[in-house]
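Count the sequence shown with the numbering used here and you get residues 47 to 348, in order.
Please read the structure below before turning to the comments.
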Amino acid sequence: MRIEDPKILAALPELSVELRRGASLAELTSLGIGGSTDLLRIGTHESIPGLLNLLDSRGVAHRFLGGGSNLLVGDGELPWVVLQLASPDPDVVLEGNFAQVDAAADLGRTVTYCAKHDLGGMEGLIGVPGTVGGALRMNAGAYGMQIGSYVREVKLYRAATRQIEILRGEQISFEYRHTSFAPDDMMLAVKLELPSKAYREILQGIRICNEKRRSSQPLGQKSAGCIFKNPPGASAGRMIDELGLKGLSVGDARVTDRHANFFVNAGQASAKDMLTLIADVRERVRSAFRVELENEVVIWSA
Ligand code: EPU
């Protein structure tokens, strides 16, 4: 979608919003799939309610993009604009055991920065790509930990009240790859409370997680991490593997040999290819195991 409305175009500079015309979502997502649309980069949190009121009043649909690492976007010209926070400098501020982190901060760099200041707990998240805001919204987790355990406060734009609000950790429920945030709430910043731990010790934990990840996941290939959530008490990857589906492909969308719950874009895969592969694998698992796999990847179909 291209913004042509003069009223919106005139208001963007005062709102500290930068317009990037015809941004390619394939370039903004780790899967390397997705069509194009106008991208609005937001410079200050405080302008968000005004920007959203303006877009809504002028009938411009929008989606919020984090780091694009858990996302499958549709092909072609997209029917909504994309909003993304620009990262402030600094994006992490430490005070005792608390880390105040902007949602646009890179997750891996945040974990490392905290580690260097002897704050641990998030070692398992080190290889997870994306932003802190994205990790928060999905309650990202790995190797027995999840980010939600450390959340003490969240600053967000709440779609229900159309305002920026601060929620305390206890007001939010964090479950397996799921939170109580509404789909159109926008994460802005989070206050984490992290346990004190010596950098040396944290580094050891980081190395172990890195090694496990390297040996079991297709790092360096274009993926969105795991495609399906694990059903209670089972592993989606193991089930898909047991059906002999590693290597199954539709166009350039392929189930990796390394881990059967990672589907990669091995070249020029389209969203249609990837969606067909996802539907095919889900159907095979359903008929073999009588289990309905739920998507872990977020899908923005056009
Ligand atoms: N397995 C197979 N074949 C495969 C893949 C896995 O037999 O192709 C077996 C493994 O041998 C293991 C079991 O399945 O016995 C579980 O596999 P793994 O340890 O790789 O964990 P997972 O359940 O597949 C989960 C998360 C990952 C996270 C890892 C490590 C989900 C859907 N996946 O994977 O998260 O990194 O544990 O904690 O919850 C993600 O969220 O995108 C993600 C990749």
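Note that beta-carbon positions come from the ideal geometry of N, C-alpha and C, so glycine has one too.
Since the structure is predicted, the reported quantities are computational estimates derived from the model, not experimental observations.
| Check | Outcome |
| --- | --- |
| Pull up the DSSP beta-bridge partners for Asn-311, would you. | Ala-299 |
| Is Gly-271 helix, strand or coil by DSSP? | strand |
| Would Ala-72 and Gly-78 be called neighbours here (beta carbons separated by less than 8 Å)? | yes |
| Starting from Ile-324, trace the alpha helix (DSSP H) in both directions and tell me its first and last residue. | 317 to 335 |
| Comparing C-alpha positions only, which one of Asn-341, Ser-316, Gly-194, Arg-300 sits nearest to Val-310? | Arg-300 |
| Report back the beta-carbon spacing between Thr-225 and Arg-183 to the nearest angstrom; my notes put them in contact at under 8 Å. | 6 Å |
| From the DSSP output, which residues share a beta bridge with Asp-51? | None; Asp-51 has no bridge partner. |
| Using only the heavy atoms of ligand 1, determine whether one of them is closer than 7 Å to the beta carbon of Lys-272. | Inspection of the sequence shows that residue 272 is occupied by Cys rather than by Lys. Yes. |
| Would a C-beta distance cut-off of 8 Å place Gln-209 and Pro-95 closer than the cut-off? | yes |
| What distance in whole Å lies between the Cβ atoms of Arg-330 and Leu-291, which are believed to be in contact at a cut-off of 8 Å? | 7 Å |
| Would Tyr-222 be called buried (16 or more neighbouring beta carbons within 10 Å of its own) or exposed? | exposed |
| Taking all protein chains shown into account, do 16 or more other C-beta atoms lie within 10 angstroms of the C-beta of Arg-260, making it buried, or fewer, making it exposed? | exposed |
| Measure the beta-carbon distance from Val-119 to Gly-81 and round it to whole angstroms, keeping in mind my assumption that it falls under 8 Å. | 7 Å |
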